[in-house]
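Asker: Got a structure for you, written out below as structure tokens; questions coming shortly.
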Amino acid sequence: MIMKRRVGFIPIFSLIFVLIAIAEIVWLHKLQRLDHLLSDFLVKTHAEKLQADPDIVIITIDDASLAEMEGKVGKWVWPRSVHAEILEAIYQQQPKAIVFDLTFNEKDKDRPESDQLFNEAIRGKQHVYFPITLRSLNNDAYVGRLSDLQQALGLIKTAQADPGARGGFLPPLAIDMASWQVGTINFNHDRGIGRSYDLYSNLSGWLMPSLPAKVMQSLGYPVPQQAEILLSWRGSKYPYKRISYSELYADIDRAKPLRPANEFRNKIVIIGADASSLHDIRPTPIDNEYSGLDILATAMDNLKNQRAMQMPSQWPFLLVTLMAIAAIYICFVKRINALIPAVALSMITPLSIVLAYLALSQLWIIHIITPLLIVWAYYFSLALREYWIVHRSYQATIKEFGRYVNPHVVKDWIAKEGSEHVGEKAESRNITVLFSDIRGFTSLSENRSPEEVVALLNRYFTLQVEVIFRFNGTVDKFIGDCIMAFWGAPLDNPQHARDAVMAAIEMSKVLEKFKAELEDTNLDFDVGIGLHSGPAVVGSIGSAERKEFTAIGDTVNLASRIEGLTKGVSRILVSAETMQLCGDALDFHPVGSYKVKGREQEVILFSPLAPISPPSPQNDKDAI
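Residue numbers for the sequence shown follow the UniProt record's numbering, beginning at 1 and rising by one.
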């Protein structure tokens, strides 16, 4: 029978993650806002060192102009004869173009002669342009058949043009149609921020040029026939030369003008309003209150100098993202140190940001946040899973070996070996082994139920194990009513013999407290404790199905034999080897030499003298 191989978590999770990554990069774009935040910051930083085209000049109706002109021509909206005077003065200097960023969509019914003067000033002049706004087919819009308006609006007829299509506009009705050179100025924003500018609006197959496209095309500059351009910003908030409208108007009336006679020669002059009360401001990457005049000027600058930004296709980003995911996948599947991909990503992330900034000089805007976040999210997902597995193994190891060793010792042991390797290898160590056996267990149990006996044993073992742990010992096993413990493993302990003997002395004292708890004066209950020091094999020993952390060898056997000799001699007996390893830390009383099974030579044994104030070896001592 062929067994089906179980597919692991990482392949399944990685496949799902890849599908999500593809969906995000190609369709969803939920992280695009973060891409824009970074790219806007980089664009703003990069733009500060760039100079705007000096051939583009803005004449602005600013707050000062509204205040100063009020005494001359009245409050805003001014008579259009004022613009006629400005137009004539500028035109005499032979500019490349005069572009009005002011709407003239209604005739001045109260001052028709003013409109007439403005139209006379415009008539016959080339390269004077006006804005038009696209509107829905509602009551406030001028609605007409696009085929009839083709010449007046400069519409471009495509193969898909609908001859019966109609459009809604706010055209400059105050201007004679014969003088119309118009383009749209509809604000184009992406999530509230203006980053691009329309070139052409597709109206049922008829292409309506924007004002920048109309101006640049008429001046002979190449204009790509596409929907929009991504703006390449220049300078800070006001990058283009600005002249106050009122200052220019005042200079016209002077017998001897103060301004240069040729300051507009071969310039593209934009006339518009950015006074605070007129609200012609837009949020852009440069500033949240960026003048609409400068947005228009930037679009013209980009077309004139062929320096609009570009954005690469999404497919290279998708490919790089998938390659990074594949590399991380290999690292985790091959069990490569998780720090390696983390360090690599930590280096790649700032490097990518630097490259994205440098790419701006080549007119490329590169969105790197989405790929980086996807790759980081994939890495952290697998790293957290790895951490959870390690933590679970860590907790399981503490739980497993906490039966033998003080949990604090287990943690130190794990820190040294790693939780997956704790107790794996068996090795020869010099240790001190302790056996403690209950004397009179039969009398302890004969008048009690099995449940009471077990409860008493558990209470006794709990007290004794606490002592063993307190003195850095390892509980090997419980053999009926016997405890086996050792010192010097799993962690090295140069004072293993002293700690073992001190633990035996304390166990003797705990025994007395336990007997007092029983409140049975007739109970013949005692323990024997034997200790021996020497080499033993320590580690996890057993079958593949069941292993125990234990110590084996002659040292263990001799410690058990010594414990068997305690009855009638001393509650605690230690070998000469253990006594010698304690040095001057403790005093011992010799109890003689004894024949031990399996050994030809007799074993010399000693009984430790308990210090009154342990563990200080200088205090008075009592023999046990």
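Beta carbons: idealized from backbone N, C-alpha and C, even for Gly.
By how many angstroms is the C-alpha of residue 266 removed from the C-alpha of residue 115?
Answerer: The residue labelled residue 115 in the question sits at position 115 within the sequence shown. The residue labelled residue 266 in the question sits at position 266 within the sequence shown. Approximately 27 Å between the Cα atoms of the pair.
Asker: Does the beta carbon of residue 468 come closer than 7 Å to any beta carbon on chain C?
Answerer: Absent here is chain C; the protein component of the structure consists of one chain.
Asker: Which of the three DSSP states, helix, strand or coil, is assigned to residue 505?
Answerer: To locate residue 505, count along the sequence shown from 1; it is residue 505. It is helical.
Asker: I want to know whether the segment 273–293 touches the segment 115–135 - three or more CB-CB distances under 8 Å.
Answerer: Counting Cβ pairs under 8 Å, fewer than three are found: no touch.
Asker: For a test of the three-state rule: what should DSSP assign to residue 17, helix, strand or coil?
Answerer: Your numbering for residue 17 matches position 17 in the sequence shown. In the structure shown, residue 17 sits in a helix (DSSP, three-state: H, G or I).
Asker: What residues match up with residue 531 in a beta bridge as DSSP calls it?
Answerer: Within the sequence shown, numbered from 1, the residue matching residue 531 stands at position 531. 434 and 574, per the DSSP bridge assignment.
Asker: Confirm, please, whether the CB-CB distance from residue 171 to residue 142 is below 7 Å.
Answerer: Within the sequence shown, numbered from 1, the residue matching residue 142 stands at position 142. Within the sequence shown, numbered from 1, the residue matching residue 171 stands at position 171. Yes, Cβ-Cβ distance for residue 142 and residue 171 is below 7 Å.
Asker: Keeping to the same chain, check which residues put their C-beta closer than 6 Å to that of residue 8; ignore five residues upstream and five downstream.
Answerer: Sequence index remark: in the sequence shown, residue 8 carries index 8 (1-based). Nothing listed; no residue qualifies.
Asker: Report all residues from its chain with a CB closer than 7 Å to the CB of residue 160; omit the five preceding and five following residues, and keep chain order.
Answerer: Within the sequence shown, residue 160 is the residue found at index 160, counting from 1. Here the set comprises 205.
Asker: In this structure, how does DSSP classify residue 180 when only helix, strand and coil are distinguished?
Answerer: Stepping through the sequence shown from its first residue, residue 180 is reached at position 180. Reduced to three states, the DSSP call for residue 180 is coil.
Asker: What does the Cβ neighbour count give for residue 37, buried or exposed, with the cut at 16 atoms within 10 Å?
Answerer: Counted from its first residue, the sequence shown places residue 37 at position 37. Its Cβ having fewer than 16 others within 10 Å, residue 37 is exposed.
Asker: Could you give the DSSP three-state label for residue 459: helix, strand or coil?
Answerer: In the sequence shown, the residue the question calls residue 459 occupies position 459. Correct three-state label for residue 459: helix.
Asker: Using a Cβ-Cβ cut-off of 7 Å (strictly less than) and excluding sequence neighbours within five positions of residue 597, which residues of its own chain qualify?
Answerer: Within the sequence shown, the letter at position 597 stands for residue 597. Result list for residue 597: 561, in chain order.
Asker: In terms of residue numbering, what span does the alpha helix (DSSP H) encompassing residue 112 cover?
Answerer: Position 112 of the sequence shown, counted from the first residue, corresponds to residue 112. Per DSSP, residue 112 belongs to the alpha helix (DSSP H) from 112–122.
Asker: Taking the straight line between their C-alpha atoms, what separation do you get for residue 388 and residue 536?
Answerer: As a working mapping, residue 388 is identified with position 388 in the sequence shown. As a working mapping, residue 536 is identified with position 536 in the sequence shown. Looking at the two C-alpha atoms, the distance is approximately 36 Å.
Asker: Based on DSSP bridge pairs, tell me the residues matched to residue 142.
Answerer: Along the sequence shown, one-based indexing puts residue 142 at 142. 169.
Asker: Let me know the secondary structure DSSP gives residue 603 once reduced to three states.
Answerer: Numbered from 1 along the sequence shown, position 603 holds the residue referred to as residue 603. Here residue 603 sits in strand by DSSP.
Asker: Just to confirm my understanding: we take residue 602, look at its own chain, exclude 5 residues before and 5 after, and list those with CB closer than 8 Å. What are they?
Answerer: In the sequence shown, the residue the question calls residue 602 occupies position 602. Closer than 8 Å at the Cβ level, and outside the excluded window around residue 602, lie 593, 594, 595 and 596.
Asker: With DSSP as the reference, please indicate the residues paired to residue 465 in a beta bridge.
Answerer: On the sequence shown, residue 465 is found 465 positions in, with the first residue counted as 1. Its beta-bridge partners do not exist; DSSP assigns none.
Asker: Which ranges does the alpha helix (DSSP H) cover as unbroken runs of at least 4 residues, wholly within the segment 58–134, from first to last along the chain?
Answerer: For the segment 58–134, whole alpha helix (DSSP H) runs of length 4 or above, ordered along the chain, are 63–73, 80–91 and 112–122.
Asker: For residue 288, does the count of other Cβ atoms within 10 angstroms reach 16, so buried, or fall short, so exposed?
Answerer: Within the sequence shown, residue 288 is the residue found at index 288, counting from 1. It is exposed - the Cβ of residue 288 has fewer than 16 other Cβ atoms within 10 Å.
Asker: Answer with buried or exposed for residue 421, where buried requires no fewer than 16 other C-beta atoms within 10 angstroms of its C-beta.
Answerer: As a position in the sequence shown, residue 421 is number 421, starting the count at 1. Low per-residue confidence applies at residue 421: pLDDT is 48, beneath 50, and the placement is therefore not dependable, though the value from the model is reported in the following sentence. Exposed is the call here.
Asker: Output the distance between the C-alpha atoms of residue 226 and residue 137, rounded to the nearest integer angstrom.
Answerer: As a working mapping, residue 226 is identified with position 226 in the sequence shown. As a working mapping, residue 137 is identified with position 137 in the sequence shown. Those two C-alpha atoms are separated by around 24 Å.
Asker: Within this structure, are the beta carbons of residue 625 and residue 121 separated by less than 7 Å?
Answerer: Missing from the structure shown is residue 625; the chain here goes from 1 to 624 and no further.
Asker: So residue 174 and residue 111 are in contact, right, with Cβ under 8 Å, and what is the actual spacing, rounded?
Answerer: By one-based count along the sequence shown, residue 174 stands at place 174. By one-based count along the sequence shown, residue 111 stands at place 111. Contact flag wrong, Cβ pair sits at about 11 Å.
Asker: Should residue 123 go down as buried or exposed, given a rule of 16 or more other Cβ atoms within 10 Å for buried?
Answerer: Position 123 of the sequence shown, counted from the first residue, corresponds to residue 123. The residue in question, residue 123, is exposed, as its Cβ has fewer than 16 Cβ neighbours within 10 Å.
Asker: According to the neighbour-count rule (16 or more other Cβ atoms, all chains shown, within 10 Å of its Cβ), is residue 423 buried or exposed?
Answerer: Within the sequence shown, the letter at position 423 stands for residue 423. With a pLDDT of 48 at residue 423, under the threshold of 50, the modelled position of this residue cannot be trusted; read the value that follows with caution. Label assigned to residue 423: buried.
Asker: Which residue comes first and which comes last in the alpha helix (DSSP H) that contains residue 45?
Answerer: Position 45 of the sequence shown, counted from the start, is the residue given in the question as residue 45. Start and end: 32–47.
Asker: Is the number of C-beta pairs between the segment 545–564 and the segment 506–516 that are closer than 8 Å three or more?
Answerer: Because the criterion of three Cβ pairs below 8 Å is not met, the segment 545–564 and the segment 506–516 do not touch.
Asker: Kindly confirm or deny that the segment 87–97 and the segment 335–343 touch, where touching means at least three C-beta pairs closer than 8 Å.
Answerer: No: fewer than three Cβ pairs fall under 8 Å.
Asker: Just to confirm before moving on: does the CB-CB distance between residue 34 and residue 357 stay below 7 Å?
Answerer: Within the sequence shown, numbered from 1, the residue matching residue 34 stands at position 34. Within the sequence shown, numbered from 1, the residue matching residue 357 stands at position 357. Cβ distance not < 7 Å, so residue 34 and residue 357 don't count as in contact.
Asker: In terms of residues, what are the limits of the beta strand (DSSP E) holding residue 551?
Answerer: The residue labelled residue 551 in the question sits at position 551 within the sequence shown. Its beta strand (DSSP E) spans residues 547–552.
Asker: Less than 8 Å between C-beta atoms, sequence neighbours within five positions excluded: which residues of the same chain meet that for residue 228?
Answerer: Here the question's residue 228 lines up with position 228 in the sequence shown. Once the five neighbours on either side are set aside, the close Cβ partners of residue 228 are 188, 196, 197, 198 and 199.
Asker: If distances are taken between C-alpha atoms only, which option among 319, 528 and 257 comes closest to residue 481?
Answerer: Counting from 1 along the sequence shown, the entry for residue 481 is found at position 481. Among 319, 528 and 257, the Cα nearest to that of residue 481 is on 528.
Asker: DSSP three-state label for residue 311, please.
Answerer: In the sequence shown, counting from the first residue as 1, residue 311 sits at position 311. Three-state DSSP puts residue 311 in coil, outside helix and strand.
Asker: Residue 625: which of 125, 445, 432 and 232 sits nearest, CA to CA?
Answerer: Beyond the ends of the chain as shown, which are 1 and 624, falls residue 625; an answer cannot be given.
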